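Here the structure is laid out as structure tokens; the discussion comes afterwards.
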Amino acid sequence: MNVLSLFDGMSCGRVALERANINVTKYYASEIDKYAIQVSQNNYPDIIRLGDINNWERWDIDWSSIDLILAGSPCQGFSFAGKQLAFDDKRSALFFRFAEILAHVQSLNHSAKFLLENVRMKKDYERVITSVVGVEPIMINSALVSAQNRKRLYWCNWNVDQPEDKGVLLKDIIHETRDIAITQRHRGKNIVAVDKDKSNCITSSIGRTTDREYFYKNQGQLVFCVKPFIVPFDKSLQIIDAEVVKGKIGYFRADSQANRVYSIHGKAVTLCGDAGGGAAKTGQYLFGCITPDRIEKRQNGQRFSTGEKFYTLTAQDRHGVLIDGYIRKLTPIECERLQTLPSNYTDGVSNTQRYKMLGNGWTVDVIAHILRALK
């Protein structure tokens with residue numbers, strides 16, 4: 276297939292096409308974010324770059340040869356988390372550039388397919404998009420195929436069913452359970468020792484030894500430092516008993532996105548690309564947290580201590596009491612896993628940019644599921 280990917284980002288669509296076993300002859304990409312382009316280029320140097328979508332009429336491509344259009348137009352104007360300016364937001368108004376391109380391609384190739392993704396939005400906005408593209412959307416929650424709650428709308432001109440629930444939870448993809456071989460302290464830092472035969476998550480970073488990179492090689496064992504992601508503990512943590520069974524432990528200071536603390540025994544919150552600082556983009560999680568069926572359990576009258584010893588998941592999970600643990604945000608590798616990308620796919624740019632593009636990106640296994648229905 277010849278594929279045109281609009282608002283391509285870091286090329287999650289290309290990963291999904293591979294995962295769906297769809298052969299790509301040419302993959303054209305329109306993107307302007309230099310960091311996303313860098314990550315995409317690192318993984319797929321053969322992608323044909325087109326530049327800004329606003330200049331689409333000057334692109335030198337054979338429009339009649341395009342078999343599939345992929346697009347995840349900017350969602351900030353539609354999101355319930357934003358100001359909901361909808362098409363008055365210049366970012367969300369870019370949807371109409373997609374609509375122009377779709378109409379142009381389909382006028383030359385009547386069998387061309389398209390897939391458009393966006394956030395859940397007010398029905399009025401949804402109906403505008405539906406009227407333009409001519410098909411009703413399907414809402415799919417990424418939680419069915421990943422450890423992340425992420426409800427998104429997908430418009431495509433072929434039939435798609437809901438994917439099967441894989442039952443993946445956050446605790447299944449974190450370093451402490453997925454990558455751990457042994458735990459130890461090295462130079463005063465909490466580390467995860469990785470069995471390279473079981474995980475390829477850090478192989479591209481062997482030999483990095485600076486604190487800034489968070490990677491260490493100690494006595495021949497490759498290790499990953501999680502301490503830089505630990506959130507400083509303070510005594511303002513408010514535990515909300517009624518919410519623990521839903522996965523929300525409580526919050527620091529004020530009940531806002533950046534301050535909420537969640538359990539690792541459920542789904543991660545939705546990754547956000549344009550949220551504020553701190554843990555707002557990923558959420559923060561209590562490692563060693565109380566299991567939902569044992570929320571009344573206490574030891575010496577307490578639910579947790581402020582210790583920072585490394586947490587062994589299976590031992591603490593049996594008791595439902597945090598004796599030694601910590602609260603931390605998710606690492607970029609864990610966020611990649613929430614989006615079902617290969618581990619370290621976004622390596623090569625700063626963590627800030629990795630979090631941003633992962634929050635703006637697609638859940639690859641959802642897109643692959645939709646594309647398999649196309650086959």
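So in my numbering, the last one in the sequence shown is 650, and the numbering has no gaps at all.
Virtual Cβ for every residue (Gly too), placed ideally from N, Cα, C.
Keep in mind it's a predicted model, so treat the numbers as computed, not measured.
Going by CA-CA distance only, name the one from the options that's closest to residue i.
i: Ile328; options: Asp399, Gly553, Leu281, Phe562; result: Leu281
i: Gln513; options: Gly525, Ile323, Arg395; result: Gly525
i: Lys252; options: Ile344, Ser417, Ala422; result: Outside the modelled stretch of the chain, which goes from 276 to 650, sits residue 252, for which no answer is possible.
i: Asp436; options: Met414, Ser625, Leu605; result: Met414
i: Phe562; options: Asn318, Gly552, Tyr537; result: Tyr537
i: Arg612; options: Ser625, Asp640, Trp334; result: Asp640
i: Arg333; options: His385, Leu325, Cys431; result: Leu325
i: Phe389; options: Val380, Met396, Lys397; result: Val380
i: Trp331; options: Ala378, Glu518, Gly634, Ser511; result: Ala378
i: Trp338; options: Gln316, Tyr302, Tyr319; result: Tyr302
i: Arg629; options: Thr557, Leu444, Leu646; result: Thr557
i: Lys502; options: Cys431, Tyr601, Lys523, Thr405; result: Tyr601
i: Leu369; options: Val624, Gly347, Ala387; result: Gly347
i: Lys523; options: Phe508, Ile539, Ala529; result: Ile539
i: Ser625; options: Ile322, Tyr310, Asp342; result: Tyr310
i: Ala304; options: Gln316, Glu293, Ile323, Tyr319; result: Ile323
i: Asp342; options: Asn318, Ala387, Ile336, Tyr319; result: Ala387
For residue i, count neighbouring Cβ atoms within 10 angstroms of its own Cβ and tell me buried if that reaches 16, exposed if not.
i: Phe371; result: exposed
i: Thr638; result: buried
i: Ala648; result: exposed
i: Ile608; result: buried
i: His644; result: buried
i: Leu383; result: exposed
i: Ser531; result: exposed
i: Gly552; result: exposed
i: Pro412; result: buried
i: Ser511; result: exposed
i: Asp283; result: buried
Verify whether the separation of the beta carbon atoms of residue i and residue j is less than 7 angstroms.
i: Val506; j: Arg603; result: yes
i: Met276; j: Val314; result: no
i: Lys441; j: Val420; result: yes
i: Thr606; j: Phe504; result: yes
i: Ala529; j: Ala554; result: no
Within 7 angstroms of any Cβ in chain C, is that where the Cβ of residue i sits?
i: Ser511; result: Absent from the structure is chain C; it holds one protein chain and no more.
Excluding five sequence neighbours on each side, which residues of the same chain lie with their C-beta closer than 7 angstroms to the C-beta of residue i?
i: Ala356; result: Confidence at Ala356 is low in this model, with a pLDDT of 48, below 50, so the placement of that residue should be treated as unreliable; the coordinate-derived value is given next. No residues qualify anywhere along the chain.
i: Asn416; result: Asn424, Arg425, Lys426
i: Val290; result: Leu616, Val639
i: Ser340; result: Asn277
Below 6 angstroms CB to CB, which residues in the same chain sit around residue i once its five sequence neighbours on both sides are set aside?
i: Ala418; result: Asn424, Lys542
i: Asn434; result: none
i: Arg427; result: Glu392
i: Ala295; result: Ala643, Leu646, Arg647
i: Leu651; result: Residue 651 is absent from the structure shown; the chain starts at 276 and stops at 650.
i: Glu518; result: none
i: Ile652; result: With the chain represented from 276 up to 650, any question about residue 652 goes unanswered, as that position is not in the structure.
i: Gly548; result: Lys631, Gly634, Asn635
i: Ile515; result: Gly525
Is there at least one non-hydrogen atom of the ligand FMN closer than 6 angstroms to the beta-carbon of residue i?
i: Val394; result: Only the bare structure without any ligand can be found here, which leaves the ligand FMN out of the picture.
Closer than 8 angstroms by C-beta to residue i: which residues in its own chain qualify, once you throw out the five before and the five after it? Chain order, please.
i: Ile376; result: Leu279, Leu281, Ile328, Trp331, Ile344
i: Lys650; result: Ala295, Asn296, Ile297
Alpha helix (DSSP H) runs contained entirely in the stretch 374–453, provided each spans 4 or more residues | 398–408, 450–453
What beta strand (DSSP E) runs, 3 residues minimum, are completely inside the stretch 522–567?
-> 523–526, 535–538, 559–562
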